[in-house]
Amino acid sequence: MLTRVLSATLIGLKPQLIEVEVDAIQGTPQFIIIGLASKAVDEAKERITAALLNCGVRIKARRTIVNLAPADLQKSGSTLELAIAAGLLQLYGEIAPLPDNCLLVGELSLDGELKPVRGCLPLVLAAKEFGMTEVILPTANLPEVGFLESVTLRPIRNLRQLLDVGGNITKLTPHPTQPLKLAKNKTNTDFASIIGQVAAKRALEIAVAGNHNIHLVGPPGAGKSMLAQAAISILPPLSLDESIAVTMIHSVAGLTTQAGVVITRPFRAPHHTTTAVGLTGGSTQLLPGEISLAHHGVLFLDEFPEFSRTALEALRQPLETKMVTITRSTGTTQYPANCMLIAASNPCLCGYWGSSKPCRCTLRERDRYQNKLSGPLLDRIDVHVRVGAVSHKQLATTTKPGECSKKIRERVAAARKIQRNRLAKTSATTNGDLDGKETKQYCRLRDDAKDILVLAGEKLGLSARSHFKVLKVAQTIADLTAESVITTEHITEALQYRPEQNG
Ligand SMILES: [Zn+2]
Numbered sequence: 000m001l002t003r004v005l006s007a008t009l010i011g012l013k014p015q016l017i018e019v020e021v022d023a024i025q026g027t028p029q030f031i032i033i034g035l036a037s038k039a040v041d042e043a044k045e046r047i048t049a050a051l052l053n054c055g056v057r058i059k060a061r062r063t064i065v066n067l068a069p070a071d072l073q074k075s076g077s078t079l080e081l082a083i084a085a086g087l088l089q090l091y092g093e094i095a096p097l098p099d100n101c102l103l104v105g106e107l108s109l110d111g112e113l114k115p116v117r118g119c120l121p122l123v124l125a126a127k128e129f130g131m132t133e134v135i136l137p138t139a140n141l142p143e144v145g146f147l148e149s150v151t152l153r154p155i156r157n158l159r160q161l162l163d164v165g166g167n168i169t170k171l172t173p174h175p176t177q178p179l180k181l182a183k184n185k186t187n188t189d190f191a192s193i194i195g196q197v198a199a200k201r202a203l204e205i206a207v208a209g210n211h212n213i214h215l216v217g218p219p220g221a222g223k224s225m226l227a228q229a230a231i232s233i234l235p236p237l238s239l240d241e242s243i244a245v246t247m248i249h250s251v252a253g254l255t256t257q258a259g260v261v262i263t264r265p266f267r268a269p270h271h272t273t274t275a276v277g278l279t280g281g282s283t284q285l286l287p288g289e290i291s292l293a294h295h296g297v298l299f300l301d302e303f304p305e306f307s308r309t310a311l312e313a314l315r316q317p318l319e320t321k322m323v324t325i326t327r328s329t330g331t332t333q334y335p336a337n338c339m340l341i342a343a344s345n346p347c348l349c350g351y352w353g354s355s356k357p358c359r360c361t362l363r364e365r366d367r368y369q370n371k372l373s374g375p376l377l378d379r380i381d382v383h384v385r386v387g388a389v390s391h392k393q394l395a396t397t398t399k400p401g402e403c404s405k406k407i408r409e410r411v412a413a414a415r416k417i418q419r420n421r422l423a424k425t426s427a428t429t430n431g432d433l434d435g436k437e438t439k440q441y442c443r444l445r446d447d448a449k450d451i452l453v454l455a456g457e458k459l460g461l462s463a464r465s466h467f468k469v470l471k472v473a474q475t476i477a478d479l480t481a482e483s484v485i486t487t488e489h490i491t492e493a494l495q496y497r498p499e500q501n502g
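First residue of the sequence shown: 0, per numbering that gives the first Met the number 0; consecutive thereafter.
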């Protein structure tokens, strides 16, 4: 007698309902899984056999066939193991048929224990869309999905629990929903604790307020990493929707099984040896990259020019579109990547060009170092700022702390509110970026500010892209003081944030 159990798997971030059909027929005793199962699913046979055996159930000496439908879809991952085992238990009459509104996800260990699965949050969220009202899942996945109200969650630790209730899932204790508590962003660095660096702090405030990417250039030890970490402290806390969106991506990457829901803005700081796949995502399992893991947070790339050329070029498109599309033989998926990039680099190979210490580089070395960053990549960054080393005198004599992060965060929040209201009136996409035409339409300049911009454009030979970038940054500067028109001061300040090298 054929049995049917429902489960789900992920293709990147996209959940897919899977019907697990199990049947046993006369023939050579064999246990086979069909329906484009990847090697990982194929290996599941051994785990399922052992897990059942440890629950006192032996696979019958018949030809046992497990069919995973739809068959044209490559299935990877181990989320289907619990459903396959349940299908076998039904087939052998050990448990009653499970209801149609019940989704099973879970990976089995050899002793029948349930292990947490990657991507549990997107799977459980999709359960309702699939018309399910009950989800049986590993208890270990609860930290990540325990707040959901859309379906009844019935966590189990061991396959034996399903056997003990004879498949009557209502006897499995439902998990009481726990409301999600969002938290303040985690950082040990407050703006008040950073001595000096007035220009860099100001540039960071503007960058955070307008969600502009920022490039910090300065000698080693000037405090670029500290400034990047402080950026998190002036970002507003995550909203519930943002928290869920971020957790989904982290869940697919397998980062949430211990950490649970991501309740603070992510701060990702991959090492400069990270590859293009590491940064933007990939592999046969279509896993997200650092730029997606930093969604709604900060991606900090220290030693920016030291990243490989291919890795840096791979960032160009996602920085522009705030999305990453990954295509592999196993499928295609998209991940959001709306993060703020903070790049940090030395001004030259030795690190001291333009600082108080003498630079030891030759002109050629300096050129080669700076040319590692291509023009189009630097074009994706709106704010470029020099971070100077703080003098010993300043370190020794500064007693009054600077402005604290809380105050700056309030200004940022107010500016972002103005931007949201303005965006609501536009047809711009939700990533909050205006293109050239829209920038022109929605940024209101005073006449003298317009003259300055035209003059600067001619004198400095600004490209059209640079022109609009200056305008966008000037708009953010105006928003920070809630001014409705852009003035000459805003334009002149914005002009300072252009890259040093290619004007
Ligand atoms: Zn140098």
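Backbone N, C-alpha and C define an ideal beta-carbon position, used for all residues, glycine too.
As the structure is a prediction and not an experimental result, all values here were calculated from the model.
Bounding residues of the beta strand (DSSP E) (the contiguous stretch that carries residue i)
{"i": "residue 30", "result": "29-33"}
{"i": "residue 2", "result": "2-10"}
{"i": "residue 24", "result": "13-24"}
{"i": "residue 102", "result": "101-103"}
Residue i versus residue j - alpha carbon distance
{"i": "residue 180", "j": "residue 234", "result": "18 Å"}
{"i": "residue 135", "j": "residue 53", "result": "20 Å"}
{"i": "residue 310", "j": "residue 70", "result": "35 Å"}
{"i": "residue 139", "j": "residue 172", "result": "15 Å"}
{"i": "residue 455", "j": "residue 371", "result": "27 Å"}
{"i": "residue 32", "j": "residue 20", "result": "10 Å"}
{"i": "residue 430", "j": "residue 113", "result": "Unreliable positioning characterises residue 430 in this predicted model, as indicated by a pLDDT of 45, which lies under 50. A coordinate reading is not provided."}
{"i": "residue 27", "j": "residue 63", "result": "9 Å"}
{"i": "residue 427", "j": "residue 417", "result": "The predicted model places residue 427 with a pLDDT of 49, which falls under 50 and marks its position as unreliable, so this point remains unresolved."}
{"i": "residue 68", "j": "residue 3", "result": "10 Å"}
{"i": "residue 147", "j": "residue 7", "result": "17 Å"}
{"i": "residue 324", "j": "residue 168", "result": "39 Å"}
{"i": "residue 82", "j": "residue 48", "result": "13 Å"}
{"i": "residue 266", "j": "residue 459", "result": "35 Å"}
{"i": "residue 402", "j": "residue 195", "result": "11 Å"}
{"i": "residue 502", "j": "residue 240", "result": "Reliability of the predicted coordinates at residue 502 is poor, the pLDDT of 32 falling under 50, and the value obtained from them is presented with this limitation in mind. Rounded to whole angstroms, residue 502 to residue 240 spans 39 Å at the Cα level."}
{"i": "residue 193", "j": "residue 226", "result": "8 Å"}
{"i": "residue 288", "j": "residue 412", "result": "28 Å"}
{"i": "residue 264", "j": "residue 337", "result": "12 Å"}
{"i": "residue 228", "j": "residue 421", "result": "29 Å"}
{"i": "residue 496", "j": "residue 382", "result": "5 Å"}
{"i": "residue 322", "j": "residue 373", "result": "21 Å"}
{"i": "residue 78", "j": "residue 378", "result": "42 Å"}
{"i": "residue 213", "j": "residue 14", "result": "35 Å"}
{"i": "residue 333", "j": "residue 10", "result": "10 Å"}
{"i": "residue 61", "j": "residue 42", "result": "19 Å"}
{"i": "residue 487", "j": "residue 447", "result": "6 Å"}
{"i": "residue 38", "j": "residue 312", "result": "33 Å"}
{"i": "residue 398", "j": "residue 499", "result": "33 Å"}
{"i": "residue 231", "j": "residue 365", "result": "32 Å"}
{"i": "residue 115", "j": "residue 342", "result": "35 Å"}
{"i": "residue 494", "j": "residue 453", "result": "12 Å"}
{"i": "residue 396", "j": "residue 119", "result": "53 Å"}
{"i": "residue 355", "j": "residue 259", "result": "47 Å"}
{"i": "residue 315", "j": "residue 24", "result": "55 Å"}
Range covered by the alpha helix (DSSP H) that runs through residue i
{"i": "residue 138", "result": "First-last for residue 138: undefined, no H or E at that position."}
{"i": "residue 248", "result": "239-251"}
{"i": "residue 119", "result": "119-128"}
{"i": "residue 478", "result": "463-479"}
{"i": "residue 457", "result": "446-459"}
{"i": "residue 258", "result": "255-258"}
{"i": "residue 491", "result": "487-494"}
{"i": "residue 290", "result": "289-292"}
{"i": "residue 276", "result": "275-279"}
{"i": "residue 225", "result": "223-232"}
Rounded Cβ spacing between residue i and residue j (contact assumed at less than 8 Å)
{"i": "residue 220", "j": "residue 346", "result": "Contact flag wrong, Cβ pair sits at about 13 Å."}
{"i": "residue 329", "j": "residue 285", "result": "6 Å"}
{"i": "residue 142", "j": "residue 183", "result": "The pair is not a contact, with the Cβ atoms about 19 Å apart (cut-off 8 Å)."}
- Those runs of the alpha helix (DSSP H) which lie wholly inside the segment 359-419 and span at least 4 residues: Scanning the segment 359-419 from its first residue to its last, the whole alpha helix (DSSP H) runs of 4-plus residues come out as 362-370, 374-377 and 391-396.
- What runs of the alpha helix (DSSP H), each 4 residues or longer, lie entirely inside the segment 53-90? If we require 4 residues or more, the alpha helix (DSSP H) runs fully inside the segment 53-90 come out as 80-90.
- Just list the alpha helix (DSSP H) runs in the segment 301-358, keeping only unbroken ones of 4 residues or longer that don't cross its boundaries, in chain order. If we require 4 residues or more, the alpha helix (DSSP H) runs fully inside the segment 301-358 come out as 308-320.
- Ranges of the beta strand (DSSP E) found wholly within the segment 146-182, counting only runs of at least 3: Complete beta strand (DSSP E) runs here, min 3: 151-155.
- Task: Would you list, in sequence order, the uninterrupted alpha helix (DSSP H) runs of no fewer than 4 residues that lie entirely inside the segment 191-219?
- Result: Within the segment 191-219, the alpha helix (DSSP H) runs of at least 4 residues that lie entirely inside it are, in chain order, 197-209.
- Query: Around ligand 1, which residues pass a check of Cβ closer than 5 Å to any of its heavy atoms?
  - Reply: By the rule of a C-beta closer than 5 Å to any heavy atom of ligand 1, the residues picked out are 347, 349, 352, 358 and 360.
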